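**Q**
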Amino acid sequence: MDKNSNEPYKRVLVKFSGEALAGKDGFGIDLEVLEYVAREIQSVHSTGVEVGIVIGGGNIVRGVSASKGGIIGRTSGDYMGMLATVINAVATQEALERLGLFVRVQSAIEIQEICETYIYRRAVRHLEKGRIVIFAAGTGNPFFTTDTAATLRAIEIGADVIIKATKVDGIYDKDPNCFQDAQKLSTLTYDRALHDNIKVMDDTAIALAKDNALPIIVCNMFKTGNLKSIILGNRSLCSIVKN
Ligand code: GTP
């Protein structure tokens, strides 16, 4: 399929930030928010699309922040962050299973007692069987963000698009909080995102998406039904980064 066409998506990867799970407390997992996220994923899955998920770990540990005081090194801080994503993945798996969905967690770092280890072919098999696959522990390497991990997994599993579920409804030409005339961009190129330093994702993730012509959708996950509408073709609810 031409990934830039308007055909319905067959397989998507949705990236949630860990902070999104934290709710008002700003830390840990807010169970109401977790349930909301699970219902949104359920409604995406109900369209018949195959769903892979990556969740960050920033609600528990952020590698960069953990290493700021100098006590914890960046490498260990990043590994701690990867472990945090496993906690979020297991919590999300439980929440989705309570809704009757079939879910497999695959970790880039082997933790056999808790979840499967990431095996590309196995992940694809799960997706083909209609299971939701949550990819945990980032890429398994420090110095890479979960956005990069999500982009990598999206490319590996042949997703048609990566959906970055955020707190904003898209990308603006200027800060909408400061400028009333800020315009939402329905589409923009990878080159512009990189050149204008529009931090849709970090540069590594955008470059990887560009090299593999993987469109990046940015949308607001806190509007009920948004993700599903976008999957069903309502692209006015988001911005798309593509060639
Ligand atoms: P099929 O091969 O398509 O039947 O997939 P399946 O995931 O149902 O098969 P399997 O019997 O391998 O898995 C059954 C359950 O065990 C699932 O919940 C898996 O996530 C889990 N599981 C499989 N491998 C591991 C592992 O290495 N560690 C852990 N903790 N769980 C695993």
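To convert, count from 1 in the sequence shown and add 12; that's the working numbering. Glycine residues also receive a C-beta, built at the ideal position from the N, C-alpha and C atoms. Source: prediction; values computed, not measured.
At which residue ranges does the stretch 73-154 contain complete beta strand (DSSP E) runs of 3 or more residues, listed in the order of the chain?
**A** 115-119 and 144-148
**Q** Is any heavy atom of the ligand GTP found at a distance shorter than 7 Å from the C-beta of I99?
**A** For this step, residue 99 is matched to residue 87 along the sequence shown. I99: no, Cβ never under 7 Å from the ligand GTP.
**Q** Using DSSP's beta-bridge definition, name the partner residues of S251.
**A** Numbered from 1 along the sequence shown, position 239 holds the residue referred to as residue 251. Checking the DSSP bridge columns, you'll see S251 partnered with V230.
**Q** Quick check on this structure: which residue in L244, V253 and L249 has the alpha carbon closest to the alpha carbon of T59?
**A** One-based indexing of the sequence shown puts residue 59 at position 47. Among L244, V253 and L249, the Cα nearest to that of T59 is on L244.
**Q** Suppose the cutoff is 7 Å on Cβ atoms and the five residues either side in sequence are ignored; what does the same chain contact list for V66 look like?
**A** As a position in the sequence shown, residue 66 is number 54, starting the count at 1. Cβ within range, chain order: L25, K27, F147, T158, A161, A162 and R165.
**Q** Just checking, does the stretch 89-96 make contact with the stretch 49-56 on the three C-beta pairs under 8 Å criterion?
**A** No: the two stretches stay apart, fewer than three of their Cβ pairs being nearer than 8 Å.
**Q** By a C-beta neighbour count over all protein chains shown, 10 Å radius and 16 as the cutoff for buried, is C250 buried or exposed?
**A** The residue labelled residue 250 in the question sits at position 238 within the sequence shown. That one is buried.
**Q** If we ignore side chains and look at the alpha-carbon of each, how far apart do G64 and L139 end up?
**A** As a position in the sequence shown, residue 64 is number 52, starting the count at 1. As a position in the sequence shown, residue 139 is number 127, starting the count at 1. The alpha-carbon of G64 is positioned some 8 Å away from that of L139.
**Q** Please state whether the Cβ-Cβ distance between L226 and V56 is less than 8 Å.
**A** Working through the sequence shown from its first residue, we reach residue 226 at position 214. Working through the sequence shown from its first residue, we reach residue 56 at position 44. No, the Cβ-Cβ distance between L226 and V56 is not below 8 Å.
**Q** Secondary structure at V61, three-state DSSP: helix, strand or coil?
**A** Numbered from 1 along the sequence shown, position 49 holds the residue referred to as residue 61. The answer is coil: DSSP assigns V61 none of H, G, I, E or B.
**Q** Leaving out the 5 sequence neighbours to the left and right, which residues in its chain are closer than 8 Å to D14 when beta-carbon positions are compared?
**A** For this step, residue 14 is matched to residue 2 along the sequence shown. With a pLDDT of 45 at D14, under the threshold of 50, the modelled position of that residue is not reliable, and the figure given next carries that caveat. Result list for D14: empty, nothing under 8 Å.
**Q** Looking at L113 and I144, is the spacing between their C-beta atoms short of 8 Å?
**A** The residue you call residue 144 lines up with position 132 of the sequence shown. The residue you call residue 113 lines up with position 101 of the sequence shown. In this structure, L113 lies closer than 8 Å to I144 by Cβ.
**Q** Examine the ligand GTP and report whether any of its heavy atoms sits within less than 7 Å of the Cβ of T104.
**A** Your numbering for residue 104 matches position 92 in the sequence shown. Every heavy atom of the ligand GTP is 7 Å or more from the Cβ of T104, so no.
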